[in-house]
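See below for the structure under consideration.
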Amino acid sequence: MYAASGILAVHTERGTSIVPANRIAWTPSGFTHYHRAHGDTDMRIVFLAPALARLIPGHPAVFMVSGLAREVLLALTGPRNYDDGAPDYSRSARSRLLRVLVDELHEAQEQPLHLPEPQDDRLRAFARTLYENPADNTSLGEHARTIGASTRTLSRLFRNELGMTFYEWRTQLRIYHALVLLAGGRDTTQTAYACGWANPSSFIAAFTNVIGTTPGRYRTSRQTTARASQLSTVVKSSG
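All letters in the sequence shown, in the order written, are residues 16 to 254 by the working numbering.
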């Protein structure tokens with residue numbers, strides 16, 4: 016799944032993959048999944064044959080899309096999807112384009128945009144609280160007392176089951192909510208406070224560390240990418 020614009024959340028039994036604009040979510044066969052779009056989203060979907068799928072990781076992942084991969088994705092998914100009269104690629108041409116796409120993804124680095132889903136009942140109860148209120152700044156110790164576990168037990172569960180600390184997981188969760196709010200038109204300051212950061216500068220630093228750009232630049236690039244994908248479809252349809 017590719018978000019040409021907007022933001023996608025792809026859910027599997029392993030957790031949620033956060034897919035901002037110009038990223039692609041890879042879901043291998045065998046993983047039951049569903050997705051949700053936030054904001055004005057242009058979603059493109061490409062299916063891979065098993066021979067090509069084996070060249071990509073066997074677990075759900077999110078990749079940054081290179082310029083070449085982006086153009087291939089747009090070519091494979093439009094404008095034929097919108098206009099039955101538009102010319103289509105031949106089978107051999109589609110095969111070559113798919114091979115280019117897989118080669119690009121094979122070289123791309125996975126993005127740290129996967130939010131693991133807790134399995135332990137204590138962690139699940141704890142996670143629900145933060146899903147409903149990402150701005151909750153209650154400490155790990157206080158949460159532990161609420162659910163009847165020790166701080167050490169909860170810390171161990173986070174590391175062993177989710178592969179990260181409580182604070183790393185909470186930051187990932189907050190970044191997910193921040194992306195949704197930004198897609199809905201909230202500005203940086205509003206988003207920072209709504210997601211639990213004490214000030215906008217702390218939010219900007221955390222967002223940049225995960226997404227690779229500031230919230231302001233992300234919003235600008237998202238709008239630019241949306242216009243580019245619309246223009247690409249118009250040009251191909253006109254051609």
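A virtual CB, placed ideally from N, CA and C, is assigned to each residue, including glycine.
- Between R143 and P149, the alpha-carbon positions lie close to 10 Å from each other.
- A direct Cα-to-Cα measurement between L89 and R59 gives close to 8 Å.
- In the three-state reduction of the DSSP assignment, H53 falls in the strand class, which pools E and B.
- Taking the Cβ atoms as the reference, F141 lies roughly 6 Å from H158, within the contact range of under 8 Å.
- Residues F46, T47, E132 of the same chain have their beta carbon placed closer than 8 Å to that of E28, with the five preceding and five following residues left out of the count.
- The beta carbons of N37 and V77 sit about 11 Å from each other, so the pair does not count as a contact at 8 Å.
- In the three-state DSSP reduction, T153 falls in the coil class, being neither helix nor strand.
- DSSP, reduced to helix, strand and coil, places R59 within a strand of the structure shown.
- Judged by beta-carbon spacing, L67 lies within the 8 Å limit of L113, meaning their Cβ atoms are closer than that value.
- Measuring C-alpha to C-alpha distances from L145 to each of T168, Q187, L177 identifies Q187 as the nearest.
- Collapsing the DSSP output to three states places W41 in a strand.
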